[in-house]
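In my numbering, the protein residues as written are 1420 to 1630.
Below is one structure, written out as structure tokens, with a few remarks after it.
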């Protein structure tokens, strides 16, 4: 498990870094000429979409980095740093990334199943993040850690969404077909959550055996 855990850690970090760097390079000047914003021209014209979009992508980039290092043993042992990064993560999710995602979801034009997928993902994200914060406030550390794994699994959906869009575009028939994007919308976060539950189960089993 230790070797598999390290491989997973470095793999995840690579893709988090790619996403954050790509987001910065593409949107740092706040110009609206990217391909994604061009196809969302009607939504941008409403005046609601663009602020939500930037809140979401900037907030998500920050919380992906902050949340990622929360699972490092060195950071965990450094209580002031762990606490500070935790506050950044919770604040970023609840006040920037998730609200932005909710507004963006209202402008999804790929059908009801894609809409429902992202709506469910975002709602669970808020619930898990808020629950993790409340649990740590009540000193329920083990439950807090489990809930944070669930929360970050959904945050990591930003990474896996783009990975699957790329994979389907290069190796499949692209995302222009409705069924493809339905698959991608669920594939981007459901397996992440299943993996988080698997990790939670593994550590719960280890504690049970040790006890």
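Built from N, CA and C at the ideal position, the CB exists for glycine as well.
Residue j beta carbon less than 8 Å from that of residue i
i            : j            : result
residue 1447 : residue 1533 : no
residue 1548 : residue 1589 : no
residue 1573 : residue 1544 : yes
residue 1500 : residue 1507 : no
residue 1527 : residue 1537 : yes
residue 1467 : residue 1522 : yes
residue 1476 : residue 1442 : yes
residue 1586 : residue 1566 : no
Whole-Å CB distance - residue i paired with residue j, under 8 Å assumed
i            : j            : result
residue 1487 : residue 1431 : 7 Å
residue 1519 : residue 1577 : Not a contact, Cβ separation roughly 11 Å.
residue 1579 : residue 1611 : 6 Å
Same chain only: Cβ atoms within 8 Å of residue i, ignoring 5 sequence neighbours per side
i            : result
residue 1484 : 1435 and 1439
Own chain residues within Cβ distance below 6 Å of residue i, not counting five before or after
i            : result
residue 1469 : 1463
residue 1479 : 1516 and 1577
residue 1626 : Model confidence at residue 1626 stands at a pLDDT of 46, short of 50, so the residue's coordinates are unreliable; what they give is reported in the following sentence. Excluding positions up to five away in sequence, the list is empty.
residue 1605 : 1536
residue 1608 : 1540, 1573 and 1576
residue 1661 : The question about residue 1661 has no answer here: the residues shown for the chain are numbered 1420 through 1630.
residue 1474 : 1515 and 1519
Own chain residues within Cβ distance below 7 Å of residue i, not counting five before or after
i            : result
residue 1618 : 1568
residue 1615 : 1568, 1569 and 1572
residue 1490 : none
- Note down, one range per segment and in chain order, each alpha helix (DSSP H) of at least 4 residues found wholly within the stretch 1481-1563. Under the rule that a run must span 4 or more residues, the alpha helix (DSSP H) segments found entirely inside the stretch 1481-1563 read 1492-1496, 1498-1511, 1517-1524 and 1531-1556.
- Message: Extract the residue ranges of the alpha helix (DSSP H) inside the stretch 1428-1459, only unbroken runs of 4 or more that lie entirely within it.
- Response: Scanning the stretch 1428-1459 for uninterrupted alpha helix (DSSP H) segments of 4 residues or longer gives 1454-1458, listed from N- to C-terminal end.
- 4 or more residues per run - each alpha helix (DSSP H) lying fully within the stretch 1598-1629: You should have 1609-1629.
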